[in-house]
Every structure is written in C-alpha cells, then in structure tokens.
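Peer 1:
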Amino acid sequence: MGLIKKGSRQITIDGVIYRWRYPPKPNQNHEDAYPGIIVTVQQLGYENSSILALNFDRHHMSGAYSYQELRKPVLPSEVAICIREAIKAGWQSNISSKQFILNVREDWF
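At position 27 of the sequence shown (counting the first as 1) the number is 50 in the numbering used here, and the numbers step up by one without a gap.
1. Taking the continuous alpha helix (DSSP H) assigned at R44, which residues delimit it?
2. Tell me whether I106 is buried or exposed, calling it buried when 16 or more other Cβ atoms sit within 10 Å of its Cβ.
3. Quick one: is I124 buried, meaning 16 or more other Cβ sit within 10 Å of its Cβ, or exposed?
4. Helix, strand or coil for S31? Go by DSSP, reduced to three states.
5. Let me know if M24 comes out buried or exposed under the rule of 16 or more other beta-carbons within 10 Å of its beta-carbon.
6. Going by CA-CA distance only, name the one from S72, A103, E108 that's closest to I118.
7. Which whole-angstrom value describes the C-beta separation of I34 and V102, a residue pair presumed to lie in contact below a C-beta threshold of 8 Å?
8. Just the C-alpha distance for D130 and I60, rounded to the nearest angstrom, thanks.
9. Helix, strand or coil, according to DSSP, for V127 in the structure here?
10. Taking its Cβ as the centre, do 16 or more other Cβ atoms sit within 10 Å of Y41, making it buried, or is it exposed?
Quick look at the structure:
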C-alpha cells in the first residue's frame, strides 16, 4: 500500500529518496486515545514496500486539546535521524513486508 502523496514531503537519505507524511490535524477523541504523533515513511519507487511508522511522544502542533508545552514540531532533520535508526534496527525499505514500527527517543536529537 502506498503512502498518500497529498500532504507528504520528500527526503533523501544516503542517496535514497523517501516520502514522509505528518498526520493531519487530530480531533479531541484522537488526542484522548493516543497523545503521540505517528509519522509514516516509504521509499519512493517501491509502491508495495514496507512502511515505516515513527512514533513520536509529542502532541500535534495544531491540536486544540493538548498541552502547549507538549507541542513540538517534527523536523525533517529528525525524520532523517529516525530513518537511519530504523535502518540500523533492521528496516528494509525496498522489500514488501508488514509495517515497521519505531518508537522515537528524544535523546536521538
């Protein structure tokens, strides 16, 4: 399954092009159920490739319900670090497999 192009951005890591997507604005029910942000990443050129799900322990920047001090944007430089960490952890972006989930640690940045 491919990543939705609308609202996604491209990033190049070590010569490989990926598309990453920040989630749309959450509603209050989503923020109550899961206060984190999940950024999805997929390598371009491999439509059935594995999708990387990056779990950030942050609140969405446009969330109306979350605490202001817990809001923090996800930067492209942070996504790049996370992609490299996922590759080290065994994510193979060009192979069709189930979603690879990586819990992001703030001390990586």
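Every residue gets a Cβ at the ideal spot worked out from N, C-alpha and C, and that includes glycine.
Peer 2: Let's see:
1. R44 -> not in any alpha helix (DSSP H); beta strand (DSSP E) instead, spanning 39–44.
2. buried
3. exposed
4. strand
5. With a pLDDT of 49 at M24, under the threshold of 50, the predicted position of this residue should be treated as unreliable, though the coordinate-derived value follows. By the neighbour-count rule (16 or more Cβ atoms within 10 Å), M24 is not buried but exposed.
6. S72
7. 6 Å
8. 17 Å
9. coil
10. buried
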